[in-house]
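One structure is given here, and the rest of the page talks about it.
There are 2 protein chains.
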Amino acid sequence: MADQHSAYTLGHKASQVQHHEWRTAENSAGHLLPHLKDAASRNPGLKFLDIGAGSGTITATFAKYMPQGHITATDISDEILQRAASFAEKQGVDNITFQKANIFELPFEDGAFDITHAHQVLVHLDEPVAGIKEMIRVTKKGGILALREADMEHMVIWPELPGVNDFHETLLSTWRASGGHPNGGRQLVSWSLQAGIPRADMTATMGTWCYSQEGDRRVWADSMMERIKHGQMRVKALEMKLRSEQDLDAMAKGWDDWARAEDAMMGLVNGELIIHIR
Amino acid sequence: MADQHSAYTLGHKASQVQHHEWRTAENSAGHLLPHLKDAASRNPGLKFLDIGAGSGTITATFAKYMPQGHITATDISDEILQRAASFAEKQGVDNITFQKANIFELPFEDGAFDITHAHQVLVHLDEPVAGIKEMIRVTKKGGILALREADMEHMVIWPELPGVNDFHETLLSTWRASGGHPNGGRQLVSWSLQAGIPRADMTATMGTWCYSQEGDRRVWADSMMERIKHGQMRVKALEMKLRSEQDLDAMAKGWDDWARAEDAMMGLVNGELIIHIR
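Protein chains in written order, with UniProt numbering: chain P, 1 to 278; chain X, 1 to 278.
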């Protein structure tokens, strides 16, 4: 079964790691933090499952809110989990177990976790509803499933640069061709209804990532340039004959120009959902 | 001079009032609140200028953070200011003065205020940079100018309904034809640089408004339906022969369908800027 799914459509590349490491529970999981603090105060030994933990920086910051609890952090890539384990160690965090796992067949008992969290996971799945169902299965009744997924279909960006615009179009085309859902953020409620959750058990919000201060612009632009130069997006765009190498070079230059532009602003919308499991 | 500017391009209509009253400092000015709290603790008698205060609900919530200070709330519409005054009275807030004023010729001395705030004002101006310059003039050195403006060019919305999509296109066309800037949110840094502020004195963020819970969906949809049925957008769309009455009816029905859709989500991005005046 698992092999029929493309579990992370655009692949884990070093290209994305720098941006991923910018992420913390504070800047990327604000919707879950009040619930996590509340749960940890009532049940200090709580069990937390972090699906698709990637480079593990959000996971490590969650761990600090639940020092007596335990986090199981999964990913489909062993390589990235090793990196995550080393990051946690450097942070002095010792209550995380790292375990390779496929979201569609999680190696856990029903109701094994008090809180299950997934961040930027469903947008990369060909069957996001199946992923949600499996996360519901391993979450305790009375527990919480927290989702946060980007909506990349719209990129609120200034100034308007042709290379960056072309990047955005190419990103969407290659993403869709890989079976993912770049407009997943807005579909979180819809997908969760399809997974059988009553609407009354969900609280939906939206958050943003903003890149405008100089350091933030550079981190984001470098991450996009790496995708273009060495990432799966390049392979796919060339393979599909969507764009030429020259086009790709122009996109990379576009991002570099953008990072250098003093007046640059960029915002991405993230859909956020808290589901109370009954 | 003032008459050469269309100071609020789409006009203040009852159609927008219900949605405007949903707004509070907490859900619409989170970028300013920490600065306001800090300033009020150091200088309890601080002077605050709220430009384009509209129905005054954000103003009234600001007032509670600075009970010993004083707010001057302006708008170009006397009618809306009367409403704002009555709202403040009902809230038991008595430290706000309401004063009709044009943003391009503010009737205040240089450096008269510790904090100047404008929310959803610049996107309606034909000369936003001139507006920023005038707000800088009346703000004290060492003070703060706080801006928050929507970016309506992208509407992150689900489900995809033809009436709602057509509304969005029509809104953008009529907005631009009226001299406003529906993609102003992303241009706040650019405009402020043009107004002479060094980039190092600005902190840019982006926030969202999200409508997905049932009550929120209804408030937003009703406000959009009123714009279509009785607002300036209807007048403009018919006057420009952009859309027929039948088209407009289909847009209103689209929003009603959207509000009834259990799986609906919608997000709007707001650009936010804190400027430290030196």
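Where is the CB? At the ideal position from N, CA and C, for every residue including glycine.
Check: First through last residue of the alpha helix (DSSP H) which encompasses Gly163 of chain X; Outcome: 162-177
Check: Under the three-state DSSP convention, the category Ile103 of chain P falls into; Outcome: coil
Check: C-beta contact flag for Ser103 of chain P and Ile51 of chain P at 8 Å; Outcome: According to the sequence provided, residue 103 of chain P is Ile. The question's Ser does not apply to it. Closer than 8 Å, so yes.
Check: Contacts of Ser212 of chain X in chain P (Cβ-Cβ under 7 Å); Outcome: Val189, Ala204
Check: Counted within 10 angstroms of its Cβ, other Cβ atoms place Arg260 of chain X as buried (16 or more) or exposed; Outcome: exposed
Check: Residue-chain proximity (Asp201 of chain P, chain X), Cβ-Cβ < 8 Å; Outcome: no
Check: Beta-bridge pairing of Glu149 of chain P - partner residues as DSSP gives them; Outcome: P:Gly271
Check: Beta-ladder partner(s) of Leu49 of chain X, from DSSP; Outcome: X:Thr72, X:Thr116
Check: In DSSP terms, what Phe98 of chain X is bridged to; Outcome: X:Ala73
Check: Which of helix, strand or coil DSSP assigns to Ala84 of chain X; Outcome: helix
Check: Residue from P:Pro128, P:Asn43, P:Gly267, P:Gln120 whose Cα sits closest to the Cα of Pro67 of chain P; Outcome: P:Asn43
Check: Cβ of Met152 of chain P within 8 Å of any chain X Cβ; Outcome: no
Check: Closest residue to Ser178 of chain P among P:Leu49, P:Ala63, P:Gly271, P:Glu239 (Cα-Cα distance); Outcome: P:Glu239
Check: Beta-carbon spacing of Ala63 of chain P, Asn95 of chain P below 8 Å; Outcome: yes
Check: CB contact below 8 Å: Thr208 of chain X versus chain P; Outcome: yes
Check: Best match in P:Ala264, P:Met224, P:Glu127, P:Gln187 for proximity to Leu273 of chain P [C-alpha to C-alpha]; Outcome: P:Gln187
Check: Thr61 of chain X, enclosing alpha helix (DSSP H) - first and last residue; Outcome: 57-63
Check: Within-8 Å CB hit, Glu262 of chain P to chain X; Outcome: yes
Check: Leu268 of chain P and Ser173 of chain P closer than 8 Å at C-beta; Outcome: no
Check: Expected contact under 8 Å - CB spacing of Thr57 of chain X and Glu21 of chain X to nearest Å; Outcome: 5 Å
Check: Residue-chain proximity (Arg217 of chain P, chain X), Cβ-Cβ < 8 Å; Outcome: no
Check: Neighbourhood of Gln91 of chain X by C-beta, 6 Å cutoff - its chain only, sequence neighbours within 5 removed; Outcome: Ala60
Check: Whether Met265 of chain P touches Val129 of chain X by CB criterion (8 Å); Outcome: no
Check: Cβ pair count under 8 Å reaching 3, the segment 225-235 of chain P against the segment 219-236 of chain X; Outcome: no
Check: Any chain P beta carbon closer than 8 Å to Trp158 of chain X; Outcome: yes
Check: Whole-angstrom C-beta distance between Ile76 of chain X and Lys100 of chain X, which should lie under 8 Å; Outcome: 7 Å
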